[in-house]
Every structure is written in structure tokens, then in C-alpha cells.
Amino acid sequence: MRLVRTTPPRPVDVAALFPRLAPLAREATRLHPRPGAPSARDSSVGGPLLWPADEPWPHCAIPHPEANEVLRHVRPERRARRVAAGGEVREPAAPEEDDGDIGWPEGPVPLLPVAQLFLRDVPFPRPHGRAEADLLQVLWCPFEHPDTYLPATALFWRSSAAVTDVLVAPPEPTLVEFDFLVPEPCVLAPERVVEYPGPLELDRELRESLADPGAWRAGGAEADAAGVDGAYGSLPESFYHRQLSVAPGWKAGGWPSWGYTDPVPRLCAACGADMDPLLTIATFEWDGDQHGWIPFEDQAAASAPRRAGLDPRQPTAVRIGSGYKQQLYVCPVAPEHPHIELMQ
Numbered sequence: 088m089r090l091v092r093t094t095p096p097r098p099v100d101v102a103a104l105f106p107r108l109a110p111l112a113r114e115a116t117r118l119h120p121r122p123g124a125p126s127a128r129d130s131s132v133g134g135p136l137l138w139p140a141d142e143p144w145p146h147c148a149i150p151h152p153e154a155n156e157v158l159r160h161v162r163p164e165r166r167a168r169r170v171a172a173g174g175e176v177r178e179p180a181a182p183e184e185d186d187g188d189i190g191w192p193e194g195p196v197p198l199l200p201v202a203q204l205f206l207r208d209v210p211f212p213r214p215h216g217r218a219e220a221d222l223l224q225v226l227w228c229p230f231e232h233p234d235t236y237l238p239a240t241a242l243f244w245r246s247s248a249a250v251t252d253v254l255v256a257p258p259e260p261t262l263v264e265f266d267f268l269v270p271e272p273c274v275l276a277p278e279r280v281v282e283y284p285g286p287l288e289l290d291r292e293l294r295e296s297l298a299d300p301g302a303w304r305a306g307g308a309e310a311d312a313a314g315v316d317g318a319y320g321s322l323p324e325s326f327y328h329r330q331l332s333v334a335p336g337w338k339a340g341g342w343p344s345w346g347y348t349d350p351v352p353r354l355c356a357a358c359g360a361d362m363d364p365l366l367t368i369a370t371f372e373w374d375g376d377q378h379g380w381i382p383f384e385d386q387a388a389a390s391a392p393r394r395a396g397l398d399p400r401q402p403t404a405v406r407i408g409s410g411y412k413q414q415l416y417v418c419p420v421a422p423e424h425p426h427i428e429l430m431q
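Residues are numbered in the working numbering as their position in the sequence shown, beginning at 1, plus a constant of 87.
Given below as C-alpha cells:
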């Protein structure tokens, strides 16, 4: 049965109230990852990749001096927590293995699958001359790198039709730095939504208009019904920021969110072009003040009492920093140029 998630309509047509926003609209694809059992032929987060058997698996070659988790324990321990919380049927326990011979990583570390996106499900930019590339694969190192405090990512575009012999058992790292760098296998429910820039990316005049309660009241009944004069009465710019501009959670394309820092230049190191958002890897699918973005299908779970090991906001079990997002950007001139990643 196909997974479906539906974002509620925005409570107000902000581009109708502020026409200067209309040309800034961008389409984003919310991925809506949810725990499941994806196959190598599915779009997924943390699932198996459609990887050619004759192509070397990517590794990270920098030193990795710290490790806190044994990879083979991470997912069984998560399942045990969900069972204890009553959210999953108990499976027979696997025989325990001795960890006494496990040492620190001394050589290159195999990367872990993060996301696999088929073009039929999620639009994404393709390298020039690669019109046949209908598959984007994202992997990362299961260790935070000291220059960014992020797990370094690697991007691969390929033609799914060209993969006839699939690598069934790719190499895996023995150790990972943190369990939250091991994505839980998730199926996706891609959904297109329209976004607008966050306030920090707007010019001063437009920001001042968005901050003016009178400009919102000029919208009449629609703005009133949206609650602009309620919880956000004295802070309509916050209403725009939290409920109308940038969708939370895992997504492809769209506008980036800012908060950890102000917007910074994102220039291609190879050609100097302004880079475009490719993928947002999010700790949470929504935050406490973004309830308007919770899909209809998740609203009951979102309002239910929280149980240990079960957080509907965090289906992938990934955490970026102390609860942020990892944004990947690619060059619009040549997506094969080196990409960049930011924490926000």
C-alpha cells in the first residue's frame, strides 16, 4: 500500500496579500520519510541502494579518532526501545556476538546510505550530458567531520536501467561515532509544496511590510481567519516565517531555512555560480510552533502522549548537531561540480 502524506493548505494566500512574494515562489518536495522496509528499487531514506555490483563502494579516508557505537547494535536497540514502548511486535532475538575484537577505525570507513531518490518520485537537477540519470544517491560518513561538525556527504547520479547486477551486501562500518548518524530505513511519501523565502532572505522593504500588522489586516477576512490577529497578532512576520514560508522536515529543492546563522553566500568553488538547494536532511519533521505543517495523517500521533522510543517528529532517527538541519547545495550550471553542505 502506497504511503501518503498530505500537508494542510496554507492558512492564507500570502502572495495575494504581498504580490512581491509571487515571483519568489519555489516548489519543494517534502519527502515525508516514515519507518518501513524499502527495496533497492524504491526511493528511500536509509534504505538499500540500487548500486552496481561492479562499482567500488565509497569510503571516507580521513582519520576517525572517536567512535561510540557498534553499528550492528544500533537498529536492534532502537527496535527494543519501540517494543518496550508498545509500538512494535517483538522479533526473535539474534544470537549475541562478542565485541571484544572490535577496534578503532584505522583505515577508510565505508559510507552509509542516507537517501535514494528516483526522478519519477522527486525532481532533482542532473549533470550535463546525463539525461539518462534518473537516480540520485546520497551517502555519508558516520562520523562528524571537524571542519563542519557534520557527517560529510557524497552524491552519485546514475541511470537505474543501467544497473542490472545489484550489490546485495555492501560494506558497512564496524563503528560509528553516534547512533543518530545511522538513518532508520524509511519509505517516502513525496509531496510537492510551494515555498517562499524566509524573512532573512527578503529585502528590507518587504520584511517591513510583513512585520506591519496593518498590511495583514488589509487582507480582510482571509487574514483574520488565519489567526494573524491571534497568536501572532503583534508578530505577523513570525506567522509568515513559521507557517507560510519554508516547509520543515526532509525535502528536496525549495528554499532553505536559516536560524543557526544568518544567510551566507553559497558559491560554487569551481565556477562561482550561486548554488541551489538540493536536499535538506532534518532532525525533525516539524517543530513545536510549526503545527500547521503537520500532515493530516500524522496529526493524531503528533498530539498523542509521547512514548519512549517513539517520536513522530523524528522518523529517521537522524540528528544533526543538537537538533538542526543539514542542507546540501549543488551548482545550477553543473551539478557535478563539488557540492557544499551547511548546518542550519
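Where is the CB? At the ideal position from N, CA and C, for every residue including glycine.
Cβ-based neighbour list, residue i, same chain, cut-off 6 Å, excluding 5 preceding and 5 following
i: Arg389; result: Sequence check: residue 389 is Ala here, not Arg. The residues are Ile381, Pro399.
i: Glu372; result: Gly336, Arg400
i: Pro422; result: Pro212, Pro214
i: Gly134; result: Pro125, Pro272
i: Ala276; result: Leu90, Val91, Arg92, His119
i: Phe28; result: In the structure as shown, the chain starts at 88 and stops at 431, and residue 28 therefore has no counterpart that could be examined.
i: Pro208; result: It should be noted that the sequence gives Asp, not Pro, for residue 208. Result list for Asp208: Ser130, Pro277, in chain order.
i: Val250; result: Leu137, Pro139
i: Pro343; result: Pro364, Gln414
i: Cys418; result: Cys355, Ala360, Met362, His424
Cβ shell of residue i (< 7 Å), same chain only, five flanking positions each side left out
i: Cys228; result: Cys147, Val196, Leu198, Pro238, Ala239
i: Phe383; result: Thr93, Pro95
i: Pro425; result: Ala356, Ala357
i: Tyr411; result: Tyr347, Thr370, Met430, Gln431
i: Val101; result: Leu108, Tyr283, Tyr327, Leu331
i: Ala298; result: Pro323, Glu324
i: Val274; result: Leu90, Arg121, Gly123, Pro125, Asp129, Ser131
Rounded C-alpha distance that separates residue i from residue j
i: Arg97; j: Val253; result: 42 Å
i: Asp266; j: Ser131; result: 19 Å
i: Ala180; j: Gln414; result: Only weak support exists for where Ala180 lies, its pLDDT of 45 falling under 50; the value from the coordinates is given anyway. Spanning the two alpha carbons is a distance of roughly 37 Å.
i: Ile149; j: Asn155; result: 17 Å
i: Asp129; j: Pro106; result: 39 Å
i: Asp234; j: Gly379; result: 35 Å
i: Gly301; j: Glu324; result: 12 Å
i: Leu331; j: Pro210; result: 22 Å
i: Val333; j: Phe326; result: 11 Å
i: Val281; j: Glu193; result: 46 Å
i: Arg393; j: Val269; result: 22 Å
i: Leu226; j: Leu354; result: 22 Å
i: Leu111; j: Leu293; result: 12 Å
i: Gln203; j: Ala404; result: 17 Å
i: Val420; j: Ala391; result: 46 Å
i: Arg117; j: Gly341; result: 9 Å
i: Tyr236; j: Glu295; result: 35 Å
i: Arg113; j: Tyr416; result: 15 Å
i: Gln377; j: Asp385; result: 13 Å
i: Trp303; j: Pro402; result: 36 Å
i: Ala115; j: Phe205; result: 15 Å
Residue-level contact to chain D via CB, residue i, 8 Å cutoff
i: Leu158; result: In the displayed structure, chain D is absent; only one protein chain is listed.
Residue i versus the options, residue with shortest Cα-Cα distance
i: Ala248; options: Leu222, Val170, Val417, His232; result: Leu222
i: Ile427; options: Glu219, Trp138, Ala241; result: Ala241
i: His232; options: Asp208, Gly408, Ala220, Val250; result: Gly408
i: Phe230; options: Val417, Arg406, Val420, Tyr416; result: Arg406
i: Ala127; options: Pro139, Arg168, Thr116; result: Pro139
i: Trp345; options: Thr367, Leu354, Ala339; result: Thr367
i: Val170; options: Pro200, Pro402, Leu397; result: Leu397
i: Ala103; options: Ala305, Arg279, Pro200; result: Ala305
i: Ala256; options: Pro200, Tyr236, Trp303, Val274; result: Pro200
i: Ala339; options: Asp376, Gly375, Asp374, Arg279; result: Arg279
i: Arg217; options: Ser246, Leu206, Tyr236; result: Ser246
Residues near residue i in its chain [Cβ-Cβ closer than 8 Å; skip 5 each side]
i: Glu219; result: Ser246, Ala248, Ala249
Original post:
For the region 280-294 against the region 338-350, are there 3 or more C-beta pairs whose distance is under 8 Å?
Top reply: yes
Original post:
Pairing CB atoms from the region 361-373 with CB atoms from the region 135-147, are three or more of them under 8 Å?
Top reply: no
**OP:** Mind the definition here: the region 157-165 touches the region 259-273 only if three or more C-beta pairs lie below 8 Å; say whether that holds.
**Re:** yes
**OP:** Please list the segments of the alpha helix (DSSP H) lying wholly inside the region 99-125, counting only runs of 4 or more residues, in order along the chain.
**Re:** 101-104
Original post:
Taking the runs of the beta strand (DSSP E) that are 3 residues or longer, which of them lie wholly in the region 181-266?
Top reply: 199-205, 222-232, 237-245
Subject >> Every unbroken beta strand (DSSP E) within the region 365-430, with a cutoff of 3 residues, ordered by chain >> reply: 412-417, 427-430
**OP:** Scan the region 271-355 and note each continuous alpha helix (DSSP H) run of 4 residues or more that stays entirely inside, going in chain order.
**Re:** 291-297, 300-304, 308-312, 323-326
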